[in-house]
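Numbering (the numbering used here), first residue to last: 67 to 573.
The beta-carbon is built from N, C-alpha and C at its ideal position, and this holds for glycine as well.
Okay, so here's the structure we're looking at.
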């Protein structure tokens with residue numbers, strides 16, 4: 067089964083933008099055409115900014131187009147923890163900003179008549195795990211204190227055993243690919259230049275301007291927004307936001323009894339259940355996502371095992387007709403639980419970033435796009451201060467910061483001397499990717515079904531970690547900072563700016 071999201075298969079809205087092939091001058095350049103970049107662009111274009119958006123692949127086909135299409139106020143890190151680590155006011159600002167982001171998306175859908183299946187619907191917490199009951203009780207109390215209308219319930223709209231549950235009305239779902247591509251086409255029609263297949267190769271800040279380098283042309287801009295999920299290149303955010311992959315499986319159920327809502331099953335590991343209408347006006351698809359792990363570190367012999375975990379959960383809880391789609395996506399966990407949105411450094415006044423959304427990125431990405439547009443215009447607010455990308459919260463972030471960075475360091479140090487999967491090429495079967503070593507140099511080798519070898523350097527071009535084979539996505543993934551590469555070495559997602567070097571091996 068091809069690993070592509072259901073949105074990719076079921077979106078009738080397309081984009082066909084040219085590749086940048088000349089030098090241009092703009093007020094603001096936005097790097098990345100996902101939900102953060104497009105949201106920022108839609109707000110800046112209305113302020114008569116001369117804009118351009120560059121995207122290394124196609125509009126919304128990064129994490130935005132590989133999400134599960136859910137919009138909600140709750141957060142993966144839980145508000146009760148935000149109150150403990152920070153304070154009540156911080157949690158209040160975050161919850162309100164997420165509510166405002168959902169309202170913004172709804173307003174865009176109405177204003178631009180976007181057919182993206184936007185619907186309001188409820189959100190649920192539930193658990194059958196005794197240890198998680200107090201978590202749901204405490205989170206319900208935290209949300210009530212924040213002014214969010216949530217209530218404990220004794221029945222769910224599908225049959226499952228549970229010890230505790232709560233319901234939050236007026237959350238939402240939509241097709242993110244239709245939404246973002248519709249907005250991109252609108253932006254293009256009113257003067258925003260959008261360039262696909264145009265990766266950023268580097269950024270140089272020069273006084274009041276920055277120069278953004280791409281393969282065939284450079285962009286001179288007063289302001290730069292890096293909306294690439296994790297800021298590209300080498301910067302401090304690689305030790306503040308940590309790469310994880312999560313998995314999703316979409317199924318068709320027997321009959322037409324689909325529960326309407328987004329459901330978080332609070333357990334270890336946890337699962338998120340949601341339903342959508344994909345091929346009709348009625349709900350016809352159920353998605354379950356979860357089983358996340360550090361990128362390049364699946365925790366099992368194969369990445370496919372994560373899909374199996376989700377499939378087993380679905381078959382245990384629902385009457386399945388057939389599996390429709392499987393896919394995975396990347397997200398970044400912030401060290402203190404809150405996204406980083408703001409300037410790339412305390413010294414920079416012209417380059418802005420956003421990262422660390424956890425798996426709550428469609429809503430947080432919209433929050434980020436709105437705030438980045440404000441920052442470009444020189445605005446300040448308590449919301450901007452809350453997400454400040456240059457904040458330093460040692461108590462709130464210490465445990466996560468130490469754990470994740472020790473993990474990256476250990477992977478770097480342990481892989482260089484010992485990371486070899488096969489002694490020679492004969493040890494690589496068709497469909498396998500393995501690391502081999504020749505004359506002290508490590509190679510990443512994939513043998514396709516036609517017995518052809520695809521050989522690239524095994525050294526990640528970002529910070530020199532050794533990449534790992536991901537058989538589920540047919541990619542080479544860096545276990546240190548999350549860069550991912552195709553079998554020909556080309557970049558799937560950063561922070562790496564350069565592809566893996568193509569190599570030749572004489573067996």
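Distance between residue j and residue i (C-alpha atoms, nearest Å)
i: residue 234; j: residue 215; result: 6 Å
i: residue 577; j: residue 232; result: Look at the range of the chain in this structure, 67 to 573, and you will see that residue 577 is not part of it.
i: residue 272; j: residue 362; result: 36 Å
i: residue 137; j: residue 306; result: 25 Å
i: residue 389; j: residue 396; result: 22 Å
i: residue 186; j: residue 134; result: 15 Å
i: residue 380; j: residue 225; result: 12 Å
i: residue 265; j: residue 413; result: 25 Å
i: residue 97; j: residue 542; result: 23 Å
i: residue 296; j: residue 281; result: 21 Å
i: residue 189; j: residue 532; result: 41 Å
i: residue 478; j: residue 526; result: Here residue 478 scores only 45 on pLDDT, less than 50, and its place in the model should not be relied on; the value that follows carries that caveat. If I take the Cα positions, the gap works out to 11 Å.
i: residue 161; j: residue 492; result: 56 Å
i: residue 338; j: residue 545; result: 25 Å
i: residue 176; j: residue 163; result: 20 Å
i: residue 100; j: residue 198; result: 34 Å
i: residue 566; j: residue 153; result: 44 Å
i: residue 511; j: residue 521; result: 5 Å
i: residue 450; j: residue 494; result: 51 Å
i: residue 78; j: residue 244; result: 7 Å
i: residue 217; j: residue 405; result: 27 Å
i: residue 260; j: residue 550; result: 24 Å
i: residue 334; j: residue 196; result: 12 Å
i: residue 148; j: residue 457; result: 15 Å
i: residue 319; j: residue 223; result: 15 Å
i: residue 122; j: residue 293; result: 11 Å
i: residue 139; j: residue 555; result: 38 Å
i: residue 116; j: residue 193; result: 50 Å
i: residue 119; j: residue 258; result: 8 Å
i: residue 499; j: residue 391; result: 24 Å
Per-residue DSSP class, three states only, for residue i
i: residue 442; result: helix
i: residue 123; result: coil
i: residue 524; result: coil
i: residue 434; result: helix
i: residue 499; result: strand
i: residue 242; result: helix
i: residue 490; result: coil
i: residue 448; result: helix
i: residue 40; result: Outside the displayed span of the chain (67 to 573) sits residue 40, for which this structure offers no information.
i: residue 154; result: helix
i: residue 132; result: helix
i: residue 408; result: strand
i: residue 569; result: coil
i: residue 454; result: strand
i: residue 333; result: coil
i: residue 237; result: strand
i: residue 93; result: strand
i: residue 550; result: strand
i: residue 165; result: helix
i: residue 428; result: helix
i: residue 421; result: strand
Integer Cβ distance of residue i from residue j, believed to fall under 8 Å
i: residue 422; j: residue 400; result: 3 Å
i: residue 509; j: residue 524; result: 6 Å
i: residue 72; j: residue 316; result: 5 Å
i: residue 81; j: residue 251; result: 6 Å
i: residue 312; j: residue 268; result: Actually they are not in contact, since the Cβ atoms of residue 312 and residue 268 sit about 30 Å apart, beyond 8 Å.
i: residue 283; j: residue 563; result: With a Cβ gap of about 16 Å, residue 283 and residue 563 do not count as contacting.
i: residue 576; j: residue 353; result: Residue 576 is absent from the structure shown; the chain starts at 67 and stops at 573.
i: residue 239; j: residue 359; result: Not a contact, Cβ separation roughly 26 Å.
i: residue 289; j: residue 102; result: About 15 Å separates the two Cβ atoms, so there is no contact after all.
i: residue 112; j: residue 368; result: With 8 Å as the limit, residue 112 and residue 368 do not qualify as a contact, their Cβ atoms being about 48 Å apart.
i: residue 561; j: residue 298; result: 5 Å
i: residue 539; j: residue 394; result: 6 Å
The ligand FAD heavy atom lying under 6 Å from the CB of residue i
i: residue 431; result: Questions concerning the ligand FAD fall outside what the structure shown contains, since it holds no ligand whatsoever.
Chain B contact for residue i (CB, 7 Å cutoff)
i: residue 531; result: Protein chains in the displayed structure number just one, and chain B is not present.
To test your reading of the DSSP string, which unbroken beta strand (DSSP E) runs of 3 or more residues are found completely within the segment 245 to 330?
Restricted to the segment 245 to 330, the beta strand (DSSP E) segments that are unbroken, complete and at least 3 residues in length are 259 to 261, 268 to 272, 275 to 279, 284 to 292, 307 to 319, listed in chain order.
Quick one: any contact between the segment 371 to 391 and the segment 314 to 324, if contact means 3 or more CB pairs under 8 Å?
yes
Return the chain-ordered ranges of every beta strand (DSSP E) run that is complete within the segment 343 to 403 and spans a minimum of 3 residues.
351 to 360, 386 to 400
Under 8 Å: do the segment 106 to 118 and the segment 424 to 442 share three or more Cβ pairs, one atom per stretch?
Yes: the two stretches touch, three or more of their Cβ pairs being nearer than 8 Å.
What ranges does the beta strand (DSSP E) occupy inside the segment 168 to 219, keeping only unbroken runs of at least 3 residues that lie completely in it?
Within the segment 168 to 219, the complete beta strand (DSSP E) runs of at least 3 residues are 185 to 193, 216 to 218.
Would you call the segment 165 to 183 and the segment 241 to 256 in contact, with 3 or more CB pairs under 8 Å?
yes
With three or more beta-carbon pairs closer than 8 Å as the criterion, would you say the segment 126 to 133 touches the segment 205 to 219?
no
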